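Single-structure report; data block below.
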Amino acid sequence: DAKTTQPPSMDCAEGRAANLPCNHSTISGNEYVYWYRQIHSQGPQYIIHGLKNNETNEMASLIITEDRKSSTLILPHATLRDTAVYYCIVTGNTPLVFGKGTRLSVIA
Amino acid sequence: DAGVTQSPTHLIKTRGQQVTLRCSPKSGHDTVSWYQQALGQGPQFIFQYYEEEERQRGNFPDRFSGHQFPNYSSELNVNALLLGDSALYLCASSYLRGVQPQHFGDGTRLSIL
Numbered sequence: 002d003a004k005t006t007q008p009p010s011m012d013c014a015e016g017r018a019a020n021l022p023c024n025h026s027t028i029s030g031n032e033y034v035y036w037y038r039q040i041h042s043q044g045p046q047y048i049i050h051g052l053k054n055n056e057t058n059e060m061a062s063l064i065i066t067e068d069r070k071s072s073t074l075i076l077p078h079a080t081l082r083d084t085a086v087y088y089c090i091v092t093g094n095t096p097l098v099f100g101k102g103t104r105l106s107v108i109a
Numbered sequence: 363d364a365g366v367t368q369s370p371t372h373l374i375k376t377r378g379q380q381v382t383l384r385c386s387p388k389s390g391h392d393t394v395s396w397y398q399q400a401l402g403q404g405p406q407f408i409f410q411y412y413e414e415e416e417r418q419r420g421n422f423p424d425r426f427s428g429h430q431f432p433n434y435s436s437e438l439n440v441n442a443l444l445l446g447d448s449a450l451y452l453c454a455s456s457y458l459r460g461v462q463p464q465h466f467g468d469g470t471r472l473s474i475l
């Protein structure tokens, strides 16, 4: 079973920031938080990952709480092409365990 | 720099047949993992190959087998196909050492009639 909990769906207006939450209260000290997204009919796309510090790349920012029990993926300026299912995954050096993810709909 | 490539993109088989799916990893990657994604579900881990050996395996019957070649490419074989094997089969590659994300191909859509 997935070790994370995510809301099943969210809406976001185009051009606004999309903030996707994830709870992972049972995360272990050596486990990382990974985010992937899957656009319809494509394979999952890696977005970002982190251990305990906040991370930023060209796609998104990842904010991890100090106790590491939850995190937020931030897409700073959502576009229609960001409409997808977003998966939050906690893993060490183990296979990825996907839950149901959050279906993000970006609305014009 | 080519990413993960999978072939074929679509395949139709009948019950009882056997199928082979192929995957070429991203350049520089040495590890290949296979996932099955049923309609409306998240991907489920089948197995992982490193140095031409199965390193880890998920909860799949031994009808599902694989192989990794010296150039790191991989095959997934499924014998005695069942209707329930209809799914999107995804290949992901990564570099085993360190904390490296897996990168996915766009999958092979397998339909069983």
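Here the protein sequences come in this chain order: R and B. Numbering-wise (the working numbering), the first sequence opens with residue 2 and increments by one. Numbering-wise (the working numbering), the second sequence opens with residue 363 and increments by one. Using N, Cα and C, we set each Cβ at its ideal position, and we do this for glycine too. These figures come from a predicted structure and were not determined experimentally.
Considering only beta carbons, the part of the stretch 457 to 471 of chain B lying closer than 7 Å to chain R consists of V461, P463, Q464, H465, F466, G467, D468, G469, in chain order.
Contact annotation for B:P405 against chain R: P45, L97, F99 [CB-CB distance below 8 Å, chain order]. Counting along the chain, R:D12 sits inside the beta strand (DSSP E) bounded by residues 10 to 14. The continuous stretches of beta strand (DSSP E) do not include R:H41, and DSSP gives it neither H nor E.
Considering only R:D83, R:A61, R:T57, R:L52, the residue with the shortest C-alpha distance to R:D68 is R:L52.
Look at B:R471 here: in three-state DSSP terms it is strand. Closer than 8 Å to the CB of R:H50 there is at least one CB belonging to chain B. B:L373 is outside the set of residues whose beta carbon lies under 8 Å from a beta carbon in chain R.
For R:R104, the secondary structure class from DSSP, reduced to helix, strand or coil, is strand. In the displayed model, B:L445 falls within a helix according to three-state DSSP. In the structure shown, R:R82 adopts helical secondary structure according to DSSP, grouped into three states.
Distance from the Cα of B:L452 is smallest, within the candidate group B:T376, B:K375, B:G404, for B:G404.
Bounds of any beta strand (DSSP E) do not take in B:A400, whose DSSP letter is neither H nor E. Residue burial annotation: R:S29 is exposed, with fewer than 16 other C-beta atoms found within 10 angstroms of its C-beta.
The bridge partners DSSP lists for R:E56 are R:L63. Per DSSP, R:I28 lies in no beta strand (DSSP E) segment and is marked neither H nor E.
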